[in-house]
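Chains as they are written, first to last, in numbering that gives the first Met the number 0: chain A, 0 to 414; chain B, 0 to 114. Backbone N, C-alpha and C define an ideal beta-carbon position, used for all residues, glycine too. Note sheet for the following structure.
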Amino acid sequence: MIAHDIVVVGGGPAGMAAAVAAYDRGVNDVVILDREETMGGILRQCVHNGFGLHKLGRELTGPEYAAHYAAEVKKRGIRTLSETMVTSITPDLLVTATSTRGIQKIQARAVILAMGCRERARGALNICGTRPAGVYSAGTAQKLVNCEGYLVGKRVVILGSGDIGLIMARRMTLEGAKVAAVCEILPYSGGLKRNIVQCLEDYHIPLYLSTTVSEIHGNERLEGVTIAQVDENRRPKPETARFIPCDTLLLSCGLIPENELSRAAGVAIDRRTGGAAVDQFRQTSVPGIYACGNVLQVHDLVDYVSDEAEIAGRAAAARVLEEAPTGETVETEPGSGLRYVLPQRVMKTEEPVDLFLRVTRPFGKLKFVVKAGERVLATASRPVASPGEMERLRIPAGALTDGVEKIVVELEEEA
Amino acid sequence: MKKELTCIICPRGCALTVTENDGVWTATGNACPRGATYGVAEATHPTRTITTLVRVKNRVDTMLSVKTENPIAKERIPELMRLIHQTSALAPVKAGKVILEDACGSRIIATRDVE
Numbered sequence: 000m001i002a003h004d005i006v007v008v009g010g011g012p013a014g015m016a017a018a019v020a021a022y023d024r025g026v027n028d029v030v031i032l033d034r035e036e037t038m039g040g041i042l043r044q045c046v047h048n049g050f051g052l053h054k055l056g057r058e059l060t061g062p063e064y065a066a067h068y069a070a071e072v073k074k075r076g077i078r079t080l081s082e083t084m085v086t087s088i089t090p091d092l093l094v095t096a097t098s099t100r101g102i103q104k105i106q107a108r109a110v111i112l113a114m115g116c117r118e119r120a121r122g123a124l125n126i127c128g129t130r131p132a133g134v135y136s137a138g139t140a141q142k143l144v145n146c147e148g149y150l151v152g153k154r155v156v157i158l159g160s161g162d163i164g165l166i167m168a169r170r171m172t173l174e175g176a177k178v179a180a181v182c183e184i185l186p187y188s189g190g191l192k193r194n195i196v197q198c199l200e201d202y203h204i205p206l207y208l209s210t211t212v213s214e215i216h217g218n219e220r221l222e223g224v225t226i227a228q229v230d231e232n233r234r235p236k237p238e239t240a241r242f243i244p245c246d247t248l249l250l251s252c253g254l255i256p257e258n259e260l261s262r263a264a265g266v267a268i269d270r271r272t273g274g275a276a277v278d279q280f281r282q283t284s285v286p287g288i289y290a291c292g293n294v295l296q297v298h299d300l301v302d303y304v305s306d307e308a309e310i311a312g313r314a315a316a317a318r319v320l321e322e323a324p325t326g327e328t329v330e331t332e333p334g335s336g337l338r339y340v341l342p343q344r345v346m347k348t349e350e351p352v353d354l355f356l357r358v359t360r361p362f363g364k365l366k367f368v369v370k371a372g373e374r375v376l377a378t379a380s381r382p383v384a385s386p387g388e389m390e391r392l393r394i395p396a397g398a399l400t401d402g403v404e405k406i407v408v409e410l411e412e413e414a
Numbered sequence: 000m001k002k003e004l005t006c007i008i009c010p011r012g013c014a015l016t017v018t019e020n021d022g023v024w025t026a027t028g029n030a031c032p033r034g035a036t037y038g039v040a041e042a043t044h045p046t047r048t049i050t051t052l053v054r055v056k057n058r059v060d061t062m063l064s065v066k067t068e069n070p071i072a073k074e075r076i077p078e079l080m081r082l083i084h085q086t087s088a089l090a091p092v093k094a095g096k097v098i099l100e101d102a103c104g105s106r107i108i109a110t111r112d113v114e
């Protein structure tokens, strides 16, 4: 068995930023474990641009953003172990990993979970029909096209209008395929507006809202799909069904934080986010285990992943240095109209606390009100809010005083 | 003349109204100055930064991610892609290397290293 102060599980944008922040906070003995050949995580296949505007003040592609952090990791001499897969983490921070070197056991003083998320697959969607070749999750297709140069099909239908689906609509079009339709079961797109404009409108790709794929056809290879509008219960309306011939169906139907390791370590999971329930330092219910990035909550922008990872990295380092704050914690709760609030609990400190949240559906002009009982801790107005865009609210320094027992975020619609 | 656009400079996605009066275009609905610049440019002469891939000839199943160094005219995207599809790269490549000197008015540069 070997020992390291901080073990980071996952070498994507979250893991790298967390490791760098932990090092800069004063802990040199940090190691990053990743199952892929090189660090960078999902950014390696995200060759499009739009990364880094907030965090680095430059517009970068995914590989460039990853390279920036990889260079920061290297500059500090932080150890990275690639092709190394973590198979278990215990509540007392013993990490087991396998690689071509064999099985390694690492005793950590703090563990940072940064495993990211994975895509919801066809099996979870209950689409009727046959099981031909040509049905891919959008991210799998993205990897095949962008990393391996294999164009997965020529005539494509995309189910789901999340960002990966939109990005792939453009990618496939630029590579010479015809994207016949993007179908979205909800009455609005979950993707960023800029992606609707740049990926669909620019290439005249139709987006059908309140529409789903109701049947998959074909024996060896996909021959087409039936699409249909859905009713208010998201059930296909048979009278609207129509057949679209295609050889490829891409599924972009949601991302799920990958928390098998966390659960086995005894980390409590918030059903709303699918990730660990954490405090503002991103510490989970297991002392010494922190979480950040898409394994904690699915983000829209990598810039915010890096921010979150830095919080976790600094906090893990503070714990190793025995400088972590202590104090009473109170729970947070999303009010009506909110899908979730993170962190799920807040330690009362003198520092300001940032809350991250998502709304359940698109809203016009609204006001977020952060309350403790009848007391208002913070308010923030927004011209619009959409489920596809994470909101950030700040509880100012000194607001969390003795009387505060529970924090509720409420949403007030304004005329 | 009046055009309704969605600003794509940042994820906020402001709804812009761009109007022409005696040959002068002005934008409203933007939350920042970059939005006004974008709105007028998009209404008069839309451009895009294109990110794409070229095959690495001397590596198995390996693609090099590339981008236009500057945004190019939107209507020239199909022409750019025809050019790109005729191009390949030779490893090793460093991010930032110029792959094409002039493609539709921009250099094409590598966005990652291939060893």
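Contact note: residue 12 of chain B reaches chain A through 191, 192, 193, 195, 196, 383, 385, 388, using a C-beta cutoff of 9 Å and chain order. Assignment of residue 101 of chain A by DSSP, reduced to helix, strand and coil, places it in the strand class.
Non-local beta-carbon contacts of residue 225 of chain A in its own chain, meaning distances under 6 Å to residues more than five positions away in sequence, involve 213, 214, 240, 242 in chain order.
Under DSSP, residue 20 of chain B forms a beta bridge with B:23. Per DSSP, the beta bridge partners of residue 353 of chain A are A:393. Between residue 80 of chain A and the set A:130, A:149, A:7, A:135, the nearest pair of CA atoms involves A:7. Taking C-beta atoms under 8 Å as the contact rule, residue 94 of chain B and residue 66 of chain A qualify, at a distance of about 6 Å. Using a Cβ-Cβ cut-off of 8 Å, residue 361 of chain A is close to nothing in chain B; its nearest Cβ partner there is about 12 Å away. According to the DSSP assignment, residue 48 of chain A belongs to the beta strand (DSSP E) that extends over 48-50.
Runs of the alpha helix (DSSP H) lying entirely within the stretch 38-96 of chain A, each at least 4 residues long, are 61-74 in chain order.
Residue 19 of chain A: member of the alpha helix (DSSP H) spanning 12-23, first to last residue. When secondary structure is reduced to three states using DSSP, residue 289 of chain A falls in the strand class. In the DSSP assignment, residue 141 of chain A falls within the unbroken alpha helix (DSSP H) covering 137-145. The stretch 155-222 of chain A is shown to contain whole beta strand (DSSP E) runs of 3 or more residues at 177-182, 210-216, in chain order. Between residue 17 of chain A and residue 399 of chain A, the alpha-carbon positions lie close to 27 Å from each other. Separation of residue 67 of chain B and residue 60 of chain A (C-alpha to C-alpha, rounded to the nearest whole angstrom) is 11 Å. For residue 114 of chain A, the secondary structure class from DSSP, reduced to helix, strand or coil, is coil. Distance between residue 301 of chain A and residue 141 of chain A, taken at the CA atoms: about 17 Å. Remark: fewer than three beta-carbon pairs, one from each stretch, lie closer than 8 Å, so the stretch 261-278 of chain A and the stretch 173-180 of chain A are not flagged as touching. Pairwise C-beta distances place the stretch 344-362 of chain A in contact with the stretch 394-411 of chain A, as three or more of them are shorter than 8 Å.
For chain A, the residues of the stretch 66-77 of chain B that bring a beta carbon within less than 8 Å of one of its beta carbons are 66, 73, 76, in chain order.
Looking at the DSSP output, residue 3 of chain B shares a beta bridge with B:16.
For residue 77 of chain B, the enclosing alpha helix (DSSP H) starts and ends at 76-84. Close to chain B, meaning a Cβ-Cβ distance shorter than 7 Å, are the following residues of the stretch 38-54 of chain A: 46, 47, 48, 52.
For residue 37 of chain B, the uninterrupted alpha helix (DSSP H) run begins and ends at 32-43, by DSSP. Per the coordinates, the alpha-carbon of residue 77 of chain B lies some 10 Å from the alpha-carbon of residue 83 of chain B. The beta carbon of residue 7 of chain B sits closer than 9 Å to some beta carbon of chain A. Annotation for residue 311 of chain A: the continuous alpha helix (DSSP H) segment containing it runs 301-319. The Cβ of residue 64 of chain B sits closer than 9 Å to at least one Cβ of chain A. By the neighbour-count definition (other C-beta atoms within 10 Å, threshold 16), residue 104 of chain A is an exposed residue. By a beta-carbon distance limit of 8 Å, residue 69 of chain A contacts residue 38 of chain A. Their separation comes to about 5 Å. Of A:387, A:235, A:312, the smallest CA-CA separation from residue 22 of chain A is found for A:312. Counting along the chain, no alpha helix (DSSP H) covers residue 341 of chain A; the unbroken beta strand (DSSP E) around it starts and ends at 337-341.
The beta carbons of residue 208 of chain A and residue 191 of chain A sit no closer together than 9 Å.
Identification of chain A residues near residue 54 of chain B by a Cβ-Cβ cut-off of 9 Å yields 148, ordered along the chain. Look at residue 208 of chain A: its C-beta is not under 9 Å from any C-beta on chain B.
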